[in-house]
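Visitor:
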């Protein structure tokens, strides 16, 4: 068993292939059983294509940070400041739009390391809170966020393919 810590690095354009692979694999592992194949296909094609990821990486209001274990990318976060956030009602905080950890590496504190990085970024930017949207049916993620000190603060709609889904907004003050 390797006890080397998780290394966090800011992503750049050369990381797009790894970002795509992990984003798609993690999203499918988490949500495919609960959604139609068509809605999954549409979302994956729109959210994780090379042009979209390139635009996000070049956007000064968004940041990706990769979690590396033994030199391999095993997860990442994407954070946004306003106006690049997905909900203007929470624009005074930092949005944690994505936190993805490969299923094979869940339960190994990588998610905690990534949340702590997002909290550090929130403080560095002088913002009062970190917020995220989580699908109301994703009980595992909700329990994790609550364990990390997040509280439910509202709701919003997330469109997956052609279907509106309800998310909780969860926040944590820094």
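Numbering (our numbering), first residue to last: 56 to 229. We put the beta carbon where it would ideally sit given N, CA and C, even for glycine. These numbers were taken from a predicted model, which means no experiment stands behind them.
(1) Just verifying my parser: in three-state terms, what is the DSSP assignment at residue 87?
(2) Can you give me the C-alpha to C-alpha distance between residue 165 and residue 61, rounded to a whole angstrom?
(3) Pairing CB atoms from the region 177 to 184 with CB atoms from the region 142 to 150, are three or more of them under 8 Å?
(4) When you compare only the Cα positions, how much space is there between residue 203 and residue 178?
(5) Out of 112, 88, 86, 163, point me to the one whose CA is closest to residue 70's CA.
(6) Applying the criterion that 16 or more other CB atoms from any shown protein chain within 10 Å of the CB defines a buried residue, is residue 228 buried or exposed?
(7) Would you check if there are 3 or more beta carbon pairs closer than 8 Å linking the region 129 to 144 to the region 93 to 106?
(8) When we look at the beta-carbon of residue 188 and count the other beta-carbons within 10 Å, is it buried (16 or more) or exposed?
(9) How far does the alpha helix (DSSP H) with residue 195 in it extend, from its first residue to its last?
(10) From this set, 64, 89, 75, which residue's C-alpha is nearest residue 157's C-alpha?
(11) Give me the residue from 225, 105, 123 with the minimum Cα distance to residue 201.
Guide: Let me spell this out:
(1) In the three-state reduction of the DSSP assignment, residue 87 falls in the helix class, which pools H, G and I.
(2) Rounded to the nearest angstrom, the gap between the Cα atoms of residue 165 and residue 61 is 7 Å.
(3) Three or more beta-carbon pairs drawn from the region 177 to 184 and the region 142 to 150 are found closer than 8 Å, and the two stretches are therefore classed as touching.
(4) The straight-line gap from Cα to Cα measures roughly 16 Å.
(5) Nearest of 112, 88, 86, 163 to residue 70, Cα basis: 112.
(6) Using a 10 angstroms sphere on the CB of residue 228, the tally of other CB atoms stays under 16, which defines it as exposed.
(7) The answer is no - the region 93 to 106 does not touch the region 129 to 144, with fewer than three Cβ pairs under 8 Å.
(8) Buried, since its Cβ has 16 or more Cβ neighbours within 10 Å.
(9) Per DSSP, residue 195 belongs to the alpha helix (DSSP H) from 194 to 202.
(10) Nearest option by C-alpha distance: 75.
(11) Nearest option by C-alpha distance: 225.
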